[in-house]
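Asker: One point on numbering: in numbering that gives the first Met the number 0, the residue at position 103 of the sequence shown is 102, and numbering is uninterrupted.
For reference, the structure I am asking about is given below.
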Amino acid sequence: MVELGCGGGHNLAHLAVHHGADAVGIDHDPLKIQRARALYANVPGLAFVRADAIAYLRSLPPTSVDLCLSIFGVFSFLEPAEPGPLLSATARILRPGGRLALTLRTTDTTDLVLIYTRS
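Put into structure tokens, the structure is as follows:
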């Protein structure tokens, strides 16, 4: 499992603890990564990496990830014309049947939850 824009790691840690999955959280902010590492150092199989999301995804083997998350993460901060390279990098690492789950804020009171399955 990979979370793009993991922030302090709360969502990913919850999933790793309750579902026993190996997980990596990616964020560009060194302070958020430092905080996540400190808070969740004792969670087995959980790691946090400071990296550019696209560069990190491109470093992974193809079809090596079951689930990629972005919970108000990277996709929330892209301009409408920018998601192509990130979506391509994500699709490359997802195994067949793997999922991309993301949440986006659409208005001050509305959130959008999207789940895509790789064919």
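Ideal Cβ placement from N, Cα and C applies to all residues, glycine included.
Bear in mind that the values here come from a model prediction, so they are computed numbers and not experimental data.
Roughly how many whole angstroms lie between the Cα atoms of Thr109 and Glu81?
Answerer: Numbered from its first residue, the sequence shown carries residue 109 at position 110. Numbered from its first residue, the sequence shown carries residue 81 at position 82. Computed Cα separation, rounded: 22 Å.
Asker: Determine, for Leu45, whether the minimum Cβ-Cβ distance to residues of chain B falls below 8 Å.
Answerer: This model lacks chain B altogether, as it is built from one protein chain only.
Asker: Tell me, to the nearest whole angstrom, how far the beta carbon of Glu2 is from that of Ile70; I am working on the premise that it is less than 8 Å.
Answerer: For the purposes of this step, residue 2 is taken as residue 3 along the sequence shown, with counting starting at 1. For the purposes of this step, residue 70 is taken as residue 71 along the sequence shown, with counting starting at 1. Their Cβ separation, rounded to whole angstroms, is 7 Å, which keeps Glu2 and Ile70 in contact under 8 Å.
Asker: Does Thr89 pass the burial test, meaning 16 or more other C-beta atoms within 10 Å, or should it be called exposed?
Answerer: Locating residue 89 in the sequence shown gives position 90, counting from the first residue. Thr89 comes out buried.
Asker: Check whether the Cβ atoms of Arg94 and Ser63 lie closer than 8 Å to each other.
Answerer: By one-based count along the sequence shown, residue 94 stands at place 95. By one-based count along the sequence shown, residue 63 stands at place 64. Cβ distance < 8 Å, so Arg94 and Ser63 count as in contact.
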